[in-house]
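**Q**
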Amino acid sequence: VSFGYQEVAPDEKTRRVGQVFSNVASRYDLMNDAMSGGLHRLWKDLFVRRVKPRMGEHILDMAGGTGDIAFRMAPSGAAITVADINPQMLEVGMERAAKRGIDGLVWTEANAETLQFPDRFFDAYTIAFGIRNVTDIPKALREAHRVLRRGGRFFVLEFSTTVWPGFGQAYDAYSHHLVPRLGKLLANDEDSYRYLIESIRRFPDMPKFEGMIRDAGFAQTKVEPLLGGLVAIHSGWKI
Ligand code: SAM
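Numbering (UniProt numbering), first residue to last: 5 to 243.
1. How many Å lie between ARG54 and ARG157 at the Cα?
2. With a threshold of 7 Å on Cβ separation, who are the neighbours of LEU145 within its own chain once the five nearest residues in sequence on each side are excluded?
3. Would a C-beta distance cut-off of 7 Å place GLY233 and THR166 closer than the cut-off?
4. Under a Cβ-count criterion, where at least 16 other Cβ atoms within 10 Å of its own Cβ denotes burial, should ILE237 be classed as buried or exposed?
5. Does the distance between the C-beta of PHE159 and the nearest non-hydrogen atom of the ligand SAM fall short of 6 Å?
6. Would you identify the three-state DSSP class for ILE204, choosing helix, strand or coil?
7. Going along the chain, which residues of its own chain have a beta-carbon closer than 7 Å to the beta-carbon of ALA74, five neighbours each way excluded?
8. Between TYR9 and the rest of its own chain, which residues show a CB-CB distance below 7 Å, the 5 nearest in sequence each way excluded?
9. Helix, strand or coil for THR70 per DSSP?
10. Out of ASP33, GLY41, PRO91, state which residue places its alpha-carbon closest to the alpha-carbon of VAL21.
11. With DSSP run on the structure shown, which of helix, strand or coil describes LYS226?
12. When the distance is taken between beta carbons, is GLY97 closer than 7 Å to THR70?
13. Can you grab the Cα-Cα spacing for the pair ALA177 / LYS188, in whole Å?
14. Go through its chain and collect everything with a Cβ distance to GLN23's Cβ below 7 Å, but skip five positions before and after it.
15. Please name the residue in ALA223, PHE222, LEU186, PHE213 whose C-alpha comes closest to that of VAL235.
16. Here's a check: name, in chain order, each residue in its chain whose Cβ is nearer than 6 Å to the Cβ of GLU61, leaving out the five neighbours to either side.
17. Thinking just about the alpha-carbon of each residue, which of VAL227, SER30, PHE25 is nearest to the one in ASP195?
Below is the structure:
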C-alpha cells in the first residue's frame, strides 16, 4: 500500500489516513473551497442530482465526513445515515448540521471495509471523495454491494485521471506545487495535503475502477467524467 511517497503496511495506511483527517477536520471545508476554487460544490450538486434521493429511501453516505453530500440529500426526505471512520470529521459535520438546522441525519462511526449494517438494508449508497482513502478498496466495494437491497443504486464521486490533452499536466503541476503550499498556509499541514495529492495520482483510472466495481458484483455500471475525468461519477446497480 502506498502512502505519500513511501510504501507502507495496510494497517499503517489506515492509521495515517486517520491522522490526516483528524488534522484537517476543522479546516476541511475551507480547504475544499480554496483548492478547487469552489468547484467541489458544483461536482457535489451534480452528484446528488444523479443519485436522485427520494422520500422514505434509506441512503448510506459512506465516508460522509463533514456532511456535504448528506446536507444536499436531506431536503428529499430520504432517511440518511452518514458514516465515517473519523470521529473528528463527524463531529464537525454534526456541528454544521446543528447550525444549519438540519436534523434527522444519523451520524455513525464506521470503516467502509467492515460495515455494521445488515444485508440488503439500503436503497442507495454514496461515497464522495472517500473511496481512494480506503485501504482495501475491493473489500469496501463488496461491503457496499452487501448492504444494498436488490435494485439498490451505488454512486462514487472521486478524482480520476483527465484525458484532456495538456490539462492533465497543468493539473499535475498545480497539485504538486500549489496544493501542499495551500495546505501549509491555510491548515498549517503540508504533509496531509501531500498525501491527498499522492492518493489521487495513484487511484485507478476510469476503465480500471469501473472494472473493480463490476468485480464487486454491480451491474449496468456507468462512468460520467467531469473536466475530462479529473473527477468522475461512477455508478452501478445491485440486481
Ligand atoms: N464525503 C465528504 C465530502 O465529500 O466532503 C468527505 C470526503 S473526505 C476527502 C474523505 C473522508 O473519508 C474522511 O472523512 C475520512 O475520514 C473518510 N475515510 C477514510 N477512510 C475511510 C474508511 N476506511 N471508512 C470510512 N471512511 C473513511
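All C-beta atoms in this analysis are idealised placements derived from N, C-alpha and C, irrespective of residue type, glycine included.
**A** Reading from the atomic positions:
1. Here residue 54 is taken as the residue at index 50 of the sequence shown, counted from 1. Here residue 157 is taken as the residue at index 153 of the sequence shown, counted from 1. The straight-line gap from Cα to Cα measures roughly 10 Å.
2. Within the sequence shown, the letter at position 141 stands for residue 145. Excluding positions up to five away in sequence, the list reads MET216, ILE217, ALA220.
3. Mapped onto the sequence shown, residue 233 falls at position 229. Mapped onto the sequence shown, residue 166 falls at position 162. In this structure, THR166 lies closer than 7 Å to GLY233 by Cβ.
4. As a working mapping, residue 237 is identified with position 233 in the sequence shown. Buried, because 16 or more other Cβ atoms sit within 10 Å of the Cβ of ILE237.
5. Within the sequence shown, the letter at position 155 stands for residue 159. No.
6. The residue labelled residue 204 in the question sits at position 200 within the sequence shown. Here ILE204 sits in helix by DSSP.
7. As a working mapping, residue 74 is identified with position 70 in the sequence shown. Closer than 7 Å at the Cβ level, and outside the excluded window around ALA74, lie ASP65, GLY68, ILE84, VAL86, LEU109.
8. Reading the sequence shown from its first residue, position 5 is the one you call residue 9. Residue placement at TYR9 is flagged as unreliable, the pLDDT there being 43, under the threshold of 50; the coordinate-derived value follows with that caveat. Within the same chain, and ignoring the five residues on either side of TYR9 in sequence, the residues whose Cβ sits closer than 7 Å to its Cβ are GLU202.
9. For the purposes of this step, residue 70 is identified with residue 66 of the sequence shown, where counting begins at 1. Reduced to three states, the DSSP call for THR70 is coil.
10. Stepping through the sequence shown from its first residue, residue 21 is reached at position 17. Taking the Cα of VAL21 as reference, the smallest distance to any Cα among ASP33, GLY41, PRO91 is reached at PRO91.
11. For the purposes of this step, residue 226 is taken as the residue at position 222 of the sequence shown. In the structure shown, LYS226 sits in a strand (DSSP, three-state: E or B).
12. Position 66 of the sequence shown, counted from the start, is the residue given in the question as residue 70. Position 93 of the sequence shown, counted from the start, is the residue given in the question as residue 97. Yes. Within cutoff.
13. Working through the sequence shown from its first residue, we reach residue 177 at position 173. Working through the sequence shown from its first residue, we reach residue 188 at position 184. Distance between the alpha carbons of ALA177 and LYS188 is about 17 Å.
14. As a working note, residue 23 is residue 19 in the sequence shown. The answer is none, since no qualifying residue turns up.
15. Position 231 of the sequence shown, counting from 1, holds the residue named residue 235. Comparing Cα positions, the closest option is PHE213.
16. Locating residue 61 in the sequence shown gives position 57, where the first residue counts as 1. Contacts found: ALA82, ASP127.
17. Against the sequence shown, residue 195 aligns to sequence position 191. Among VAL227, SER30, PHE25, the Cα nearest to that of ASP195 belongs to PHE25.
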